[in-house]
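Asker: Take a look at this one; I'll ask things after.
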Amino acid sequence: MPPTNSDESRNLAFQQAIDADRTVEPRDWMPERYRSTMIRQIAQHAHSEIIGMQPEGNWITRAPSLRRKAILLAKVQDEAGHGLYLYAAAETLGVGRGELTELLITGRQKYSSIFNYPTQTWADVGAIGWLVDGAAITNQLALTKTSYGPYARAMVRICREESFHQRQGFELLSELSRGTVAQHEMAQDAVNRWWWPALMMFGPPDTESPNTAQSMAWKIKRVSNDELRQRFVDMTVPQAQALALDLPDPQLRWNEARGHYDFGPIDWEEFRQVVGGHGACNAQRIAVRRAADEDGAWVREAARAWEVRQNSRTSAA
Amino acid sequence: MTAGVAGLSVVDLREVALGFGDDCLVLSHRLAEWTTHAPELEEEMALANLALDLLGQARSLLTLAGEADGRDEDQLAYWRDDRDFRNLLLVEQPNGDFAVTMTRQLLFSTFQELLYRWMVTGTEPRLAAIAAKGVMEARYHVEHARLWVQRLGGGTEESHRRMCRALDLLWPYTEELFEPTESWSRAADQGAVPPLSSIEEPWRHSIESLLVDSGLEIPGFPAWQSGGRLGRHSEHLGHLLAEMQHLHRSHPNASW
Amino acid sequence: MGGPAEQPDFRSVSHAEDWPLWEVFIRGRRGLSHQHVGSLHAPDPELALQNARDLYTRRGEGVSIWVVRSTEVHASDPDDQGPLFDPPSDKAYRHPTFYTVPEDLQL
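Residue numbers (the numbering used here), protein chains in the order written: chain A, 53 to 369; chain B, 988 to 1243; chain C, 61 to 167.
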């Protein structure tokens, strides 16, 4: 169907509202592409929170102290909550949570590739908190000003709640780094494995990121991939020094002229492999999510059936 | 034997706190095993809250239990073997399906709430303080389990069948709830904890009325399993502890 | 052809029916009125309240919770923003700043 005048004028009004920094709300008119982009992005973010429970959840029953166990359990629970807030934000655009779960477990929607790496040691829990959550927070802070109202509000709540996530990771690694020789080695090994995948979390370089221009114009995305990545590196290097842990990049050094840290090239081939389904844990992560969904079906069904029966009983009385 | 507060011996206080603390620790572990497997995200939140509440109670109780011989919560949690754990057999039973987990929660939390409610005004001030906090949490756990037992019992044919199976599976372990150890009896004589016989009737009534409301019934056979409070456990506990303790024990003297 | 035999087998679980959506309102410890905090899914009002407690008061945010079926919320039409919200703009006398009082007075 050719665009009509009214479409054009609505598009124009929409862009003007965005330029004036007004948020877009669920019942506002919006271009179809804005809606579908928003659904895809929020869903992917929600899936990442839910799948992201698995690598850390892997250590809850083995946490080495009761204090650490409580912290980790609370953190993984927060992630379930954050997934839930985000699914709710996506639902304001007219998709159901079950529908989105279906798209996830059939591989038609993605989640952050970082969660396809395994957590082999306890130190990985620290590295995830420090590096992965650190990267996520950098990204999410920028998203608190995103143009879609429900998404921005979910981000505000999530950022507020996540402030302890990165700190606990830092503290955990700090304890290991200053601990026994074996503990220090465990911490360094985890940082070696998580550093580069964490940098990949910001997505491909701006020059190869086709959606960036439109997303920036719609203020869905407010800061570019490369700029966020640089922010994260600049923030993290001094933290690594404080932890007495090395970041595994020989080219990492302060650039006085730029006022930023320079860092070495990222292995985008690895990124493409993992996104393409060839990471260590892709199949496992989806299988776990699918099993939970399938095993829970009779419970969800029972609760629905009970409610229907209650209602018919009340109306019969 | 040294007399503690209110005439309760240090050994008896330790045994009572250890039994309670181990109940909370082991059940918290089982609930935490649900992480990423809950039937819906909202229930993921609820199960984690139950696990966190119980873990918090376990830490207070183990800290109290360890005071006498200078052991902290982690030394008690990570450095005792199966034979030294004092928890009820009920709480170490595997999660099974959601019906088994909610039935186990109903049977245990109803018991725990009654105990805590009594202990709030008991003669041992530290137990009373733990009970005062715990009773609020236990009440919520009971409420959550009751809502689900009702819905599963009266939901679909399948959920009803699973509930019946869960009750048959777990009922044998309920006998032990009301069997006092010698320490418990002495603590009860001192007014620190209730005589277990005084809890049994309200417990049974609460469970039975819910089951009837939910189209279910108490199994028609007597309960017989017991021994957990004396360190005689099912095979399940050893595996649970192996998982829980291995990392901590692999690095003796490390701090985390 | 077509028919059920050709249904892809991954649809083993029906997602046709999510539990209904509820809007959650919390009154904080010092809050004056209930505020909308978000939404959740639950099969019935009792579980909706429990779920709301688990999801939205993990950090001691509230002392009272309301849950309302989302389908029961009637919202103003965004296209009516003008007629609904513009008229008060010429009623400046409703705002305290409309009035001049001596600067050194606390009023």
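Ideal Cβ placement from N, Cα and C applies to all residues, glycine included.
1) Determine, using beta carbons only, whether residue 350 of chain A and residue 1201 of chain B come nearer to each other than 8 angstroms.
2) Give the residues from the region 346 to 358 of chain A that approach chain B closer than 9 angstroms (Cβ to any Cβ), ordered along the chain.
3) Tell me which residues of the region 114 to 137 of chain A have at least one Cβ-Cβ distance to chain B shorter than 7 angstroms, keeping chain order.
4) Since residue 1033 of chain B meets chain C, which of its residues come closer than 8 angstroms, beta carbon to beta carbon?
5) So residue 112 of chain A contacts chain B; which residues on that side make the cut at Cβ distance below 7 angstroms?
6) Name, please, each residue of chain A whose Cβ falls closer than 7 angstroms to the Cβ of residue 1241 of chain B.
7) Can you tell which of A/353, A/107, A/296, A/366 has its C-alpha closest to the C-alpha of residue 225 of chain A?
8) Below 8 angstroms on the Cβ atoms is my guess for residue 105 of chain C versus residue 127 of chain C; work out the distance and round it to an integer in Å.
9) Pick helix, strand or coil for residue 1122 of chain B, following the three-state DSSP scheme.
10) Using DSSP's beta-bridge definition, name the partner residues of residue 121 of chain C.
11) Could you tell me which chain B residues have their CB closer than 7 angstroms to the CB of residue 344 of chain A, listed as they occur along the chain?
12) What are the partner residues of residue 319 of chain A, as DSSP defines its beta bridges?
13) Nearest-angstrom Cα distance between residue 183 of chain A and residue 1243 of chain B?
14) First and last residue of the beta strand (DSSP E) that includes residue 84 of chain C?
15) Examine chain B for any beta-carbon lying closer than 8 angstroms to the beta-carbon of residue 106 of chain A, and answer yes or no.
16) Taking C-beta to C-beta, are residue 998 of chain B and residue 1172 of chain B nearer than 8 angstroms?
17) Applying a beta-carbon distance threshold of less than 7 angstroms, which residues of chain A neighbour residue 98 of chain C?
18) Could you work out which residues of chain A lie near residue 1061 of chain B, taking near to mean beta carbons separated by less than 7 angstroms?
19) Assuming residue 1078 of chain B and residue 1095 of chain B are in contact, meaning their beta carbons sit under 8 angstroms apart, how far apart are those beta carbons, in whole angstroms?
20) Going by the beta-carbon positions, is the gap between residue 1083 of chain B and residue 1178 of chain B smaller than 8 angstroms?
21) If you count every other CB in all the chains shown that lies within 10 Å of the CB of residue 68 of chain C, and 16 or more means buried, which is it?
22) So, helix, strand or coil for residue 230 of chain A, using DSSP?
23) So which residues on chain C does residue 79 of chain A lean against when the C-beta distance must stay under 8 angstroms?
24) Spell out whether any CB of chain A is found under 8 angstroms from the CB atom of residue 1231 of chain B.
25) Just to confirm before moving on: does the CB-CB distance between residue 1225 of chain B and residue 1074 of chain B stay below 8 angstroms?
26) What separation, rounded to the nearest whole angstrom, lies between the Cα atoms of residue 1049 of chain B and residue 121 of chain C?
27) Suppose contacts are defined by Cβ-Cβ distances below 8 angstroms. Is residue 217 of chain A in contact with residue 178 of chain A by that definition?
28) To the nearest angstrom, how far is it from the Cα of residue 106 of chain A to the Cα of residue 240 of chain A?
29) Determine the DSSP secondary structure at residue 168 of chain A, reduced to helix, strand or coil.
30) Within the continuous alpha helix (DSSP H) that includes residue 1034 of chain B, where are the two ends?
31) Around the C-beta of residue 230 of chain A, are 16 or more other C-beta atoms found within 10 angstroms, so that it is buried, or is it exposed?
32) Can you tell me which residues form a DSSP beta bridge with residue 96 of chain C?
33) Starting from the beta carbon of residue 143 of chain A, find every residue of chain C whose beta carbon is closer than 7 angstroms, and list them in chain order.
34) Using a Cβ-Cβ distance cut-off of 8 angstroms, determine whether residue 121 of chain C contacts chain B.
35) Which of the three DSSP states is assigned to residue 79 of chain A in this structure?
36) Could you give the DSSP three-state label for residue 1059 of chain B: helix, strand or coil?
Answerer: Walking through what the data contain:
1) no
2) The region 346 to 358 of chain A vs chain B, Cβ under 9 angstroms: 347, 348, 349, 350, 351, 352, 353, 354, 355, 356, 357, 358.
3) Going along the region 114 to 137 of chain A in chain order, one finds 114, 116, 117, 118, 120, 121, 122, 125, 126, 128, 129, 132, 133, 135, 136 with a Cβ nearer than 7 angstroms to chain B.
4) Residues of chain C passing the Cβ test: 110, 111, 114.
5) 1019, 1022
6) 231, 232, 235
7) A/296
8) 6 angstroms
9) In the structure shown, residue 1122 of chain B sits in a helix (DSSP, three-state: H, G or I).
10) Note: residue 121 of chain C sits in no beta bridge, so no partner.
11) In chain order: 1023, 1024, 1025.
12) None; residue 319 of chain A has no bridge partner.
13) Cα to Cα, residue 183 of chain A sits roughly 19 angstroms from residue 1243 of chain B.
14) 81 to 87
15) yes
16) no
17) 137, 140
18) 117, 118
19) The beta-carbon distance between residue 1078 of chain B and residue 1095 of chain B, rounded to whole angstroms, is 6 angstroms. This is short enough to meet the 8 angstroms contact definition.
20) Judged by their CB atoms, residue 1083 of chain B and residue 1178 of chain B are not nearer to each other than the 8 angstroms cut-off.
21) Its pLDDT being 35, under 50, residue 68 of chain C is placed unreliably in this model, and the value from its coordinates should be taken loosely. Exposed, because fewer than 16 other Cβ atoms sit within 10 Å of the Cβ of residue 68 of chain C.
22) In the structure shown, residue 230 of chain A adopts coil according to DSSP, grouped into three states.
23) 135, 137, 138
24) yes
25) no
26) 29 angstroms
27) In this structure, residue 178 of chain A does not lie closer than 8 angstroms to residue 217 of chain A by Cβ.
28) 22 angstroms
29) helix
30) That run of the alpha helix (DSSP H) goes 1028 to 1053.
31) exposed
32) C/85
33) 81
34) no
35) Looking at residue 79 of chain A - three-state DSSP - the assignment turns out to be coil, as it is neither helix nor strand.
36) Reduced to three states, the DSSP call for residue 1059 of chain B is coil.
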